[in-house]
Amino acid sequence: MSNQVLLVVKKEGAKDPRVAELCREFKKRGYEIRHVSMKNLILFSLGTTIQTIRKKRQRRLCFLSNHRSLLFSSYRAYNGQIDDFIYLPSRDDKDSFSSEPVKSLANLNGIETETLHGKIYVQMGFEQADLLFPLLLLHHRFVYFTRMEEFDWDTPKTKKSIGKEYKLGNRTFSFKGEGEKAETVSIDPVASKPFAFDQDFFQAAAAAPQWTVYLTRTVLKMGIPADIKGKVATALFHLHRDSPLKERIFEQIQDYIKWGKDSFPEKVNLLTASLALKKEDGLLKLIHQTLLEDRTYIAFHYPLLASTLGFVSYHGLQKYKGIYQDQRVIMARIVEFYQGHVKAASGEKKKGKVVIIAGQLLAQQHAPTAVVLNYAKQLKLVYPELEIKIFVDDTFVYSPGEVIFSNAFSAAASRNFKETHLKMLGGSGIDLIYSDPSLPRMERLKRDLAFFEKEKPEVIWSIGANFSLVGAMLFQHYPIFSTSLGGEEALPFAHVFSGGLNRETIEKEWNKFGGESRTYLPIHHGIDLKKAESIESRKAHGFAEDDIVLVTVGNRLDADLSGEFVEIMKECLEKNTSVEWCVIGKGEFSLIHDGCSDLIDNGRIHFIDYHPDLPAFYQLCDVYVNPFRKGGGISAAMAMDAGIPVVTLKSSADTAFYVGNEAVEDEEFSGELYKLCRDSEYRKKKGAVMKDAIQKFFDFSGAVDDISRGFEMAKTSFDSLSSDTGK
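Under the numbering used here, think of the first position of the sequence shown as 1067, with each following residue one higher.
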């Protein structure tokens, strides 16, 4: 006879295959299975059965049931006699187990004052979650439960046998053996304090990572304001961003999406809240998969698709093989949806009219803003006969009511910077038109498309606006020439693509991520590299004259910095006590704070949120160190223009393109950095080479020639496609 026993009490009548499945597993592991009929069973008589089994000195006694009232009350009454409790959630019990004390025990009244050992193991999926979690949220009672996956098959718990006496009003219910000590617990119902997402709640949630996804799902179903839901859901995931169980939590998220029976808003809310988990690999694919599977909420898809760009740039989500194909399908569905409600344009064109679509225009120091406005000014300067207007799409400023998820990636409205933009254009005669995000999306599109219908552009020049919904809707009506502000562009809604990278690099990236091969034109960059407007001193920033000052700059360094890069910087500073590292940009910089706390405390690492005159600050610096990223090209180009050598990987697309042959392979990065820190002559020589290279690269005349050629190529491609489709 086995010295391990599984006591099984299941509901009468309806079959539950989960019970049979678990019984088979216990039997396979050497347990004796004892079935107890619920017919005429009461909680007190169950104690007799338990005592009979215990007299035979069994090593381990487990209790399995799909009856909530019986299992929960037994967990309390017989906690000292039964080693493990296993619950299979099922529909409400409607039988004799509704009298006292079972009712109060099963409702967990007074459980917070009781001594209990072990937890209730629950085997369930999301199908049964609603049977359990509304109840367990109250008083954070989920802390008494864990998942069956946590069950330790090999090591039984050591419990001290103790009886229980429960007081309810003037009645006492005793569950103890003869001569056994008993704990007295009051189970009188008391007025519950209002439920709150307070410190106690989050402390309990932090101790229960196995329930994170279930808790979040429950919160998202509550009838509370959407912004509070989003904040609480995000906070729940944030609790476990450094947990060793983070991977397991993400597996639950995957299971949840695979189950897929919640509504689209509930699913995407949970996914975007999980950005706080800092699980960079896999989440982006789940978001796109959820968008692809939904056909009901297409009117709400665009803000989420646009936000994924920020999820990559600022949250560090990793792109996956096939992402561009997924994004293409999602955007095509969105375009098709709105084309069914909004007339796009007639396609009539006016010779010499160019409309530039800009994704956004912000402050003067915002590099993409400088690029767009400089390009426009130079084009007008060389071709004054062109009538040029700039349409500001405000891709990341959404219309009212269309964001139904948390943590949307958004930006300030471009219109707020209109005076700055007009000043930067300097009376060039170029008009600015801003999309109006205060309008509902349908009305906003009608207004925006009416503008193009009125202007009748001969060609549209899209600059950094690959995800513009307006641009995608105009693709079949006007020639579109698209210029990237960094790397390859995902969506195919242009007739010719262009950028600072060579064709080979772009094709490699398109192939890597499932993009379509398209016509691509490498172009010169046309931008005024800002010159220093002031003189800065090392002393004012705490640097000695003989310090070697390394600088890293970026708008999204939290996403750009990797553990490997930070470790290289740490080793460099530790090997040379005269080296200082300055990090310019906003962020939490948790990798630096966690890995380099001593260097920070000793004043060797400096953080600057923002510097209005980077070229002036670069005068104090010796080496620009580029993280392992795709973007960041403009800040590196400014450093090169100041005569500072740049250390960058060949795979860091934008910066490597400017640096050219001076870019290094992965295994050479730290060696190049150390050499620049040690050898002042080498540093001076490298700086001069890079300054010469960047001044030749940023050539307005070459850029305008390239752009003009791109316009003609786009018009030819558009005419060819139009004739093929019978237009």
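Glycine included, every Cβ here is placed at the ideal spot set by N, Cα and C.
Only a predicted model underlies this, so the values are computations on that prediction, with no experimental measurement involved.
Give a yes or no on whether the C-beta atoms belonging to residue i and residue j are separated by under 9 Å.
i, j, result
"Leu1341", "Tyr1386", "no"
"Ile1454", "Val1421", "yes"
"Trp1527", "Phe1777", "yes"
"Ile1499", "Phe1483", "no"
"Lys1223", "Val1251", "no"
"Tyr1704", "Lys1596", "In the sequence on display, residue 1704 carries Met and not Tyr. The answer is yes: Cβ separation under 9 Å."
"Gln1405", "Met1508", "no"
"Leu1551", "Val1437", "yes"
"Val1408", "Lys1512", "yes"
"Leu1680", "Phe1655", "no"
"Glu1009", "Pro1558", "A query on residue 1009 cannot be resolved here, the shown segment of the chain reaching from 1067 to 1793 and no further."
"Phe1316", "Lys1345", "yes"
"Thr1428", "Ala1474", "Per the sequence presented here, residue 1428 reads as Leu, with Thr not at that position. For Leu1428 and Ala1474, no; Cβs fall outside 9 Å."
"Ser1548", "Pro1506", "no"
"Ala1299", "Ala1339", "yes"
"Gln1147", "Arg1120", "yes"
"Gln1426", "Gly1530", "yes"
"Asp1150", "Tyr1187", "yes"
"Leu1343", "Arg1307", "yes"
"Glu1731", "Leu1715", "yes"
Leaving out the 5 sequence neighbours to the left and right, which residues in its chain are closer than 6 Å to residue i when beta-carbon positions are compared?
i, result
"Phe1533", "Ala1372, Thr1461"
"Lys1233", "Ser1252"
"Phe1330", "Asp1360, Tyr1363"
"Cys1743", "Ile1614, Asn1642, Val1645"
"Ser1131", "Val1075, Leu1137"
Give me whichever residues DSSP pairs with residue i in a beta bridge.
i, result
"Phe1457", "Ile1423, Ile1499"
"Trp1647", "Leu1616, Ile1671"
"Thr1549", "Ile1529, Ser1564"
"Asp1707", "DSSP, once it has assigned bridges, lists no residue as partnering Asp1707."
"Leu1234", "Arg1237"
"Pro1416", "One point to set straight first is that residue 1416 is Lys, not Pro, in the sequence displayed. DSSP lists Pro1523 as partners of Lys1416."
"Ile1227", "For clarity, residue 1227 is Ser in the given sequence; the question names Ile instead. Its beta-bridge partners do not exist; DSSP assigns none."
"Ala1248", "Gly1229"
"Tyr1153", "Ser1131, Val1188"
"Leu1073", "Arg1100, Phe1129"
"Tyr1690", "Val1617, Val1712"
"Val1052", "The shown model of the chain, from 1067 to 1793, leaves out residue 1052, and the question about it has no answer."
Can you give me the Cβ contacts of residue i inside the same chain, cut-off strictly under 7 Å, excluding the 5 residues immediately before and after it?
i, result
"Val1469", "Pro1369"
"Lys1333", "Ile1323, Thr1356"
"Phe1241", "Gly1113, Ala1143, Tyr1144, Gly1229, Lys1230"
"Asp1675", "Lys1652"
"Gly1191", "Trp1325"
Any idea what DSSP makes of residue i, helix, strand or coil?
i, result
"Val1102", "coil"
"Gly1113", "helix"
"Asp1264", "coil"
"Tyr1187", "strand"
"Pro1031", "Outside the displayed range of the chain (1067 to 1793) lies residue 1031, so it cannot be described from this structure."
"Leu1136", "helix"
"Thr1362", "coil"
"Leu1715", "strand"
"Arg1604", "coil"
"Thr1212", "strand"
"Val1755", "helix"
"Gln1276", "helix"
"Tyr1748", "helix"
"Cys1638", "helix"
"Gly1661", "helix"
"Ala1556", "coil"
If residue i and residue j are in contact, beta carbons under 8 Å, what's the gap, nearest whole angstrom?
i, j, result
"Leu1587", "Met1288", "Their Cβ separation, rounded to whole angstroms, is 53 Å, which puts Leu1587 and Met1288 out of contact at 8 Å."
"Glu1246", "Thr1181", "That belief does not hold up - the Cβ atoms of Glu1246 and Thr1181 are roughly 14 Å apart, past 8 Å."
"Leu1073", "Arg1090", "Actually they are not in contact, since the Cβ atoms of Leu1073 and Arg1090 sit about 16 Å apart, beyond 8 Å."
"Ile1389", "His1354", "7 Å"
"Ile1589", "Val1619", "Ile1589 to Val1619, Cβ: 24 Å. No contact."
"Val1713", "Met1706", "Wrong, their Cβ atoms sit about 12 Å apart, outside the cutoff."
"Ile1152", "Gln1189", "7 Å"
"His1561", "Ala1410", "The Cβ separation is near 16 Å, so there is no contact."
"Asp1082", "Leu1154", "7 Å"
"Arg1399", "Leu1336", "Rounded, the Cβ-Cβ distance is 22 Å, inconsistent with contact."
"Ser1412", "Glu1519", "6 Å"
Here's a check: name, in chain order, each residue in its chain whose Cβ is nearer than 8 Å to the Cβ of residue i, leaving out the five neighbours to either side.
i, result
"Ala1754", "Gly1709"
"Ser1164", "Ser1135"
"Glu1244", "none"
"Lys1446", "Leu1452, Ile1454, Ser1494, Gly1495, Ile1496"
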